[in-house]
Amino acid sequence: MNARLETVLGWFRDANPDVACLQEIKCVNEKFPADAFEALGYNVAVHGQKTYNGVALLSKWPLEDVLKGLPGEEEDEQARYLEALVSAPSPIRVATIYLPNGNPVGAEKFAYKLRWMARLRQRAATLLALEERVALCGDYNVIPEPEDCDDPESWRGDALFQPETRAAFRAIKWLGFTDAQAAVGRDPHAYTFWDYQAGAWQRDHGIRIDHILLSPQAADRLVDCEPHRSVRGGEKPSDHVPVVATLSDCPA
DNA sequence: ATGGTAGACCTTCTA
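Following the numbering used here, the numbering of the first sequence begins with 2 at its first residue and continues without gaps.
As structure tokens, then:
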């Protein structure tokens, strides 16, 4: 996060999002550059962790009902989930999600990924029952369909593309959520991540793993959703690009 | 061909 602060701030000045979800900030709360975002007019909530993981939620509207950590496993100390109510005139409850990578398949990390996804499904069901506008946003580390990657065969053995992983993602979606990028007709499978290695960006060997899931009340307001692909070719890029959803104030 | 890069950090782990 701090290594790429200028890159991120540049994107914020251009895109000017009302709400933003960050993942993999890789720092404790005290080291998150909250003042830089506050200077741009954002309210900041951070659930940080040293070296690994860490998530943050930024909003031009006040944040209420802040929940840090995904419920359901008391001994889980990895900072991968933060949720808050964005108290705009049309409020929306937003979660920033850094779902476990899960590699290698067959080891404890993969079991942890599947447990984490089961817990996310529980939380998602609880949120749906509120019948509010809800957006679950972030790095899901899930390639939902073969069309969401350049070469499905090369991902066959990877935790991001296992049948169990994809089924767990569908199970969350089928509770009643809309995959915002898939729902808008234009480029539904456009990639959101290109590895730093082996010229993945230059060869367009990308994958779509960053998702925005919307409750029915939020999906009713969906106008557009697209990854900001061009930033991947910029200075000091992340290996992920922002996925931006536009919601209207009134039902479409 | 199991390669290659990046970040935070205790010189290795995670992705």
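We put the CB at the ideal spot given by N, CA and C, even for glycine.
Query	Result
Alpha carbons only, please: which of 246, 238 and 214 is nearest the one belonging to residue 135?	214
Per DSSP, which residues does residue 246 bridge with? Please list them.	226
Do the CB positions of residue 125 and residue 173 come within less than 8 Å of each other?	yes
Roughly how many angstroms separate the alpha carbons of residue 83 and residue 29, rounded to a whole number?	14 Å
Which of the three DSSP states is assigned to residue 44 in this structure?	strand
Assuming residue 82 is part of the beta strand (DSSP E), what are its boundary residues?	82-87
On the DSSP bridge list, what partners appear for residue 93?	87
Please classify residue 105 as buried or exposed, where buried requires at least 16 neighbouring CB atoms within 10 angstroms.	exposed
Please report the residue range of the beta strand (DSSP E) in which residue 66 lies.	64-69
Using the DSSP secondary-structure output, state which residues sit across from residue 60 in a beta bridge.	20 and 44
Is it a yes or a no for the stretch 225-241 touching the stretch 68-79, going by three-plus beta-carbon pairs under 8 Å?	no
From this set, 97, 226, 118 and 217, which residue's C-alpha is nearest residue 22's C-alpha?	97
Assign residue 60 to one of two classes, buried (16 or more other C-beta atoms within 10 Å of its C-beta) or exposed (fewer than that).	buried
On a Cα-Cα basis, can you pick out the residue from 65, 212, 220 and 221 that is closest to residue 88?	65
Please tell me whether residue 185 and residue 226 are closer than 8 Å, where the distance is taken between their beta carbons.	yes
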